[in-house]
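Peer 1: Have a look at the structure that comes next, please.
There are 2 protein chains.
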Amino acid sequence: MKFTLLTILSCCFVFACAKQQAKKFVYAKKFDGLPKVSDFQLEEETLPELKDGDVLAEALFLSVDPYMRSFGEFLPAGMGITMPGGQVAKIIESKNADYPKDAIIYGSLGWRTHTVFNRNVTQDPYSIPTYILPSFADLPRSLGLGTLGMPGNTAQFGLLEIIQPKAGEVLVVSGAAGAVGNLVGQIAKAKGCKVIGITGSDEKCKWLTNDLGFDHAINYKNESVNDVLKKYAPQGVDCYFDNVGGEISSTVINQMRDFGRIAVCGSISSYNLPFGQWPQATIIQPTVVFKQLKMEGFLVQRYWSKWFDGIAQSKRWIDEGRLKYHETITEGFENMPQAFIDMLQGKNFGKAVVKV
Amino acid sequence: MKFTLLTILSCCFVFACAKQQAKKFVYAKKFDGLPKVSDFQLEEETLPELKDGDVLAEALFLSVDPYMRSFGEFLPAGMGITMPGGQVAKIIESKNADYPKDAIIYGSLGWRTHTVFNRNVTQDPYSIPTYILPSFADLPRSLGLGTLGMPGNTAQFGLLEIIQPKAGEVLVVSGAAGAVGNLVGQIAKAKGCKVIGITGSDEKCKWLTNDLGFDHAINYKNESVNDVLKKYAPQGVDCYFDNVGGEISSTVINQMRDFGRIAVCGSISSYNLPFGQWPQATIIQPTVVFKQLKMEGFLVQRYWSKWFDGIAQSKRWIDEGRLKYHETITEGFENMPQAFIDMLQGKNFGKAVVKV
């Protein structure tokens, strides 16, 4: 009896001492143009013991996304702030019935290997609430960061709710080989549109047209978007899903036709610039007036009430063979900064993900 | 009896011979930047006899509007094409029961003193159908070209249908002292908005704030719109009614706040440039995304089904003292080109009209 009690006490002691060590990347130096690996600092921290309501999550896959670059302009560098971002994680310890041990979650937990959080965790206004992943059947869980997660819903809702494409219409998507863009094009094809993607390499162009079924792809780095678009869309463009902003967007918009619709999802062409010090591009207002265009910017968080319907729909499209997913996976948590920088340089095909 | 018959015959003969002479301005030389008086040619023509269904209209007031400048880029110069535009006219002869003699009409009849037309007249896609003016009671008929016509409906529908301002919101209007802009600001005030106008002279600023009740006015020619707007709208701008395009619009849009709405009505800053060769301005996409802005261009023709409701509403606002009208009237048909050029240079307060 005495022995048992001692054992229990000693176990508790061991348990209390064996607090989880976590690795995290903090935003160390202010980004100047394209971020550098040295702008991030890898730190270790000891996580607190779980209190009632807490859970401990272990990252399985982490996301690197273009929007993180723009955070660098809002957040102060050198203050120990963990880089924000989403991850697919496993609950490895739980004092919260909502998140049982072994549950697989999506969480906006930042660039960190382990996280203690509870249901009352404060979310920044740009993050998605934490949730247990719905069943993906035999599909990879990493898709919870891509086709069956934020980028998938961004593509789906931005296209179907804002642009509302009709069969036979011409749709252009920029950043077409990126996490969102490639899905936009595929969904638009499923809706009967003629789809033209704009991207940054011949290899990506081939991928879009040969593998994903895009009608045409334009390599903006060695083709004149203005000239080639006139060839591919001689009657003009009806729908534009904009991931890049800048001169490419002016070129597309100025070739749109009456009552065209534009969903502005991102502006990656300007993310490496200081916030507010944006470049100039050809104005779009004359076309916006005379063609009576409609343009709307959106953050996918606004569609939270339809989030799981969106994921279920994307999964159905995958199951039906209408939507292909593609991930560019970097191995190793330590490589997150490089994976992020590579993604900003457009080295990824589809969703860029880091596997811990 | 014989005498009577002869008299009748002779009267008919005289009537048939006294065909109406009309003056008109044709688009003679291609506009190069700001139009010049010599770009227009005053011509006379003999109008045909009225056939069944025809009417003969005599212009009382003619409109000069910014959109006419952009037509100069679409239409070929030197081909004898009459300058397009609207007029308030009197039916002085009629073989059409729909347009009885002495009726006062609005017609998109072009820059001409007299016009023979019938109900089957082909309209260009940008023109408003011809109609008999509703009763203005004791208000001037020239308002059929302004507050109680196209510009009034443009202001009203663009503001209330596209922007849908709410009481307490901050609304900015550019081209604020123009035919449309001054009405937008007044209607927004009536809806409970804080209204800031952007215009091009101190005199116009005073007119907007002292006479029309705008909260603030900015003279973009000698003030920094960026700095002054931050002072007048420290929490940001909710609504923007855009008449000008270009850098002023980028400045306003980049100070908008979450879920702001933009109605793009005109782009006068670019109308003096060759079509398609537009200038550059600071890009707006980052703000459009992160603030989830909505922007829509429109031509007022789309609201034709509500046209007379719009005029009736504007008249009620005038009668209630909530809407002031102001016209800059040029006397003499021969002075149309100069009135047009003056308007393009912003010399008008409110609606620019030519009285024949």
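Chains as they are written, first to last, in our numbering: chain D, -5 to 350; chain V, -5 to 350.
Where is the CB? At the ideal position from N, CA and C, for every residue including glycine.
Source: prediction; values computed, not measured.
1. From the DSSP output, in three-state form, read off V/D48 for me.
2. How would you label D/R296, buried or exposed, when you count the other beta carbons within 10 angstroms and need 16 or more for buried?
3. Taking the continuous beta strand (DSSP E) assigned at V/G254, which residues delimit it?
4. Residues of the segment 162 to 184 of chain D with a CB closer than 8 Å to any CB of chain V: list them in chain order, please.
5. On a Cα-Cα basis, can you pick out the residue from D/I262, D/M337, D/K160 and D/G172 that is closest to D/T141?
6. What does the alpha-carbon distance come out to for the pair D/I99 and D/L317?
7. Could you confirm whether any beta carbon from chain V is found closer than 9 Å to the beta carbon of D/L206?
8. Where does D/Q229 land, buried or exposed, given buried means 16+ other C-beta within 10 angstroms?
9. Which of the three DSSP states, helix, strand or coil, is assigned to V/G152?
10. Give the residues of chain D in contact with V/E290, contact being defined as C-beta atoms less than 7 Å apart.
11. Sorted by chain position, which residues of the same chain lie with C-beta nearer than 6 Å to V/K349's C-beta, five sequence neighbours on each side aside?
12. Which residue marks the beginning of the beta strand (DSSP E) containing D/D232, and which one marks its end?
13. With three or more beta-carbon pairs closer than 8 Å as the criterion, would you say the segment 306 to 315 of chain D touches the segment 75 to 89 of chain D?
14. Should V/I256 be listed as close to the ligand SAH, given that the test is whether its C-beta is under 8 Å from any heavy atom?
15. CB V/G207 to CB V/K225, shorter than 9 Å?
16. Contact between the segment 147 to 162 of chain V and the segment 330 to 338 of chain V is defined here as three or more beta-carbon pairs at a separation below 8 Å; is this criterion met?
17. Would DSSP call D/V174 helix, strand or coil?
18. Given a limit of 7 Å on CB to CB distance, which residues of the segment 232 to 246 of chain D reach chain V?
19. Closest Cβ-Cβ distance between V/K285 and chain D: below 9 Å?
20. Rounded to a whole number of angstroms, what is the C-alpha to C-alpha distance between D/S435 and D/M144?
21. Count the other C-beta atoms from every protein chain shown that fall within 10 angstroms of the C-beta of V/P60, then say buried if there are 16 or more, exposed otherwise.
22. Use the C-beta contact count for V/W301: other C-beta atoms within 10 angstroms, 16 or more gives buried, fewer gives exposed.
23. According to DSSP, is V/F343 part of a helix, a strand, or is it coil?
24. Hey, is the segment 251 to 261 of chain V in contact with the segment 181 to 195 of chain V, meaning 3+ C-beta pairs nearer than 8 Å?
25. From the DSSP output, read off the bridge partner residues of V/H108.
26. Could you check whether the Cβ of V/T281 sits closer than 9 Å to any Cβ belonging to chain D?
27. Where are the alpha helix (DSSP H) runs, 4 residues long or more, that stay fully inside the segment 241 to 310 of chain D, in chain order?
28. For a contact meaning CB atoms closer than 7 Å, what does D/V258 contact in chain V?
29. Where do the ends of the alpha helix (DSSP H) carrying V/N220 lie?
30. Measuring alpha carbon to alpha carbon, tell me which of V/G340, V/S244 and V/G72 ends up nearest V/K215.
31. On a Cα-Cα basis, can you pick out the residue from D/L293, D/E197, D/S308 and D/Q279 that is closest to D/N237?
32. Can you find the residues in the same chain that come closer than 6 Å, C-beta to C-beta, to D/D205, ignoring five residues on each side of it along the sequence?
33. According to DSSP, simplified to helix, strand and coil, what is D/V31?
34. Exposed or buried, which one is V/F343 when buried takes at least 16 other CB atoms within 10 Å?
35. Flag V/A22 as yes if its beta-carbon sits less than 9 Å from any beta-carbon of chain D, otherwise no.
Peer 2: So, from the data block:
1. For V/D48, the secondary structure class from DSSP, reduced to helix, strand or coil, is strand.
2. Under this definition D/R296 is an exposed residue.
3. Counting along the chain, the beta strand (DSSP E) containing V/G254 begins and ends at M250 to V258.
4. Of all residues in the segment 162 to 184 of chain D, none has a Cβ within less than 8 Å of some Cβ in chain V.
5. Closest option to D/T141, Cα to Cα, is D/G172.
6. Computed Cα separation, rounded: 23 Å.
7. No, D/L206 lies away from the interface with chain V (no Cβ there is under 9 Å from its Cβ).
8. Around the beta carbon of D/Q229, a 10 Å sphere encloses fewer than 16 other beta carbons of the protein chains shown; the residue is thus reported as exposed.
9. Annotated three-state conformation of V/G152 is helix, per DSSP.
10. Within chain D, K288 have C-beta atoms less than 7 Å from the C-beta of V/E290, given in sequence order.
11. Only F55, I323 and E325 meet the Cβ criterion.
12. In the DSSP assignment, D/D232 falls within the unbroken beta strand (DSSP E) covering V231 to D236.
13. Touching, no, given that fewer than three Cβ pairs across the two stretches are closer than 8 Å.
14. Summarising the ligand content, the structure contains no ligands, and the ligand SAH is consequently not present.
15. Cβ distance not < 9 Å, so V/G207 and V/K225 don't count as in contact.
16. In this structure the segment 147 to 162 of chain V does not lie against the segment 330 to 338 of chain V, because fewer than three pairs of beta carbons, one per stretch, are closer than 8 Å.
17. Residue state, collapsed to three classes: coil.
18. If the cut-off is 7 Å between Cβ atoms, the segment 232 to 246 of chain D has D236, G239, G240 and S243 near chain V.
19. Chain D, which has a Cβ nearer than 9 Å to the Cβ of V/K285, makes this yes.
20. This structure does not reach residue 435 of chain D, given that chain D is present from -5 up to 350, and the question cannot be answered.
21. Residue environment for V/P60: buried (at least 16 other C-beta atoms within 10 angstroms of its C-beta).
22. Residue environment analysis places V/W301 among the buried positions, since at least 16 neighbouring C-beta atoms fall within 10 angstroms of its C-beta.
23. Here DSSP, grouped into helix, strand and coil, assigns V/F343 to coil.
24. No: fewer than three Cβ pairs fall under 8 Å.
25. Beta-bridge pairing links V/H108 to V/E52.
26. So yes, V/T281 belongs to the interface.
27. DSSP runs (the alpha helix (DSSP H)) wholly in the segment 241 to 310 of chain D: 279 to 284.
28. Those within 7 Å of D/V258 in chain V are Q279, V282 and V283.
29. Looking at the DSSP string, the run of the alpha helix (DSSP H) that includes V/N220 is V219 to Y226.
30. For V/K215, the closest C-alpha among the options V/G340, V/S244 and V/G72 is that of V/G340.
31. Among D/L293, D/E197, D/S308 and D/Q279, the Cα nearest to that of D/N237 belongs to D/L293.
32. There are no such residues.
33. Reduced to three states, the DSSP call for D/V31 is helix.
34. Classification for V/F343: buried.
35. With respect to chain D, the C-beta atom of V/A22 has no partner C-beta closer than 9 Å.
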